[in-house]
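Engineer: The sequence shown begins at 45 in my numbering and counts up by one.
This is the structure I have questions about; it appears just below.
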Amino acid sequence: MEQERRRIRMSNKEVFPKGGQAAANFTGAAFVNMLVPDGSGTYNCQVYDVIFEPGCRNDWHIHPGGQILLCTDGIGYYQEKDQPARRLQGGDVVEIPPQVEHWHGAAPDSSFTHIGISPNTRKGGATWLLPVTDEEYQQATGGNNHV
């Protein structure tokens, strides 16, 4: 029980400042703070904190070097093309292999925050595809409890 209380208290604390609003590739409002923007330099990765407002999601996309999501707060969803959606919450980790088409975002009634890591950025940045339709989003988030 103490661990649960600690998690709740920590989730109410802002670790990184809120970033600027993302202008493209999102349906709804999302805010991105680039923590390690040097994708092709010393570290060969990018690290970023993303806050999705309720109902916000990014477009279908792929990362040539893969992506890792460290979920920190709220309720969100992750879905690979032609696969069931996975419900996410603080403490979840998602490892996305290179070239896997996917999207992620907040639940309809909750904000969602994750730290994203894009490794192997010398292979190139994300390729943005079509928006997630309202129908796709509703099917993914409509009362499901995938873990």
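For every residue, glycine included, the Cβ atom is placed at its ideal position computed from N, Cα and C.
Spatial neighbours of Q133 within its chain, please: CB distance less than 7 Å, with the 5 preceding and 5 following residues excluded, ordered by chain position.
Structural biologist: Answer for Q133: C115 and I119, listed in chain order.
Engineer: Is the CB-CB distance between W147 and N69 below 7 Å?
Structural biologist: It is not a contact, given that the beta carbons lie outside the stated cut-off.
Engineer: In the structure shown, what three-state DSSP assignment does A184 receive?
Structural biologist: Correct three-state label for A184: helix.
Engineer: By Cβ distance below 6 Å, which residues in the same chain neighbour Q143 in space, the five residues on each side in sequence not counted?
Structural biologist: Contacts found: I106.
Engineer: Which residues does DSSP list as the beta-bridge partners of F96?
Structural biologist: DSSP, once it has assigned bridges, lists A74 and F156 as partnering F96.
Engineer: Just to confirm my understanding: we take L79, look at its own chain, exclude 5 residues before and 5 after, and list those with CB closer than 8 Å. What are they?
Structural biologist: These residues qualify, in order along the chain: F60, V91, Y92, D93 and I159.
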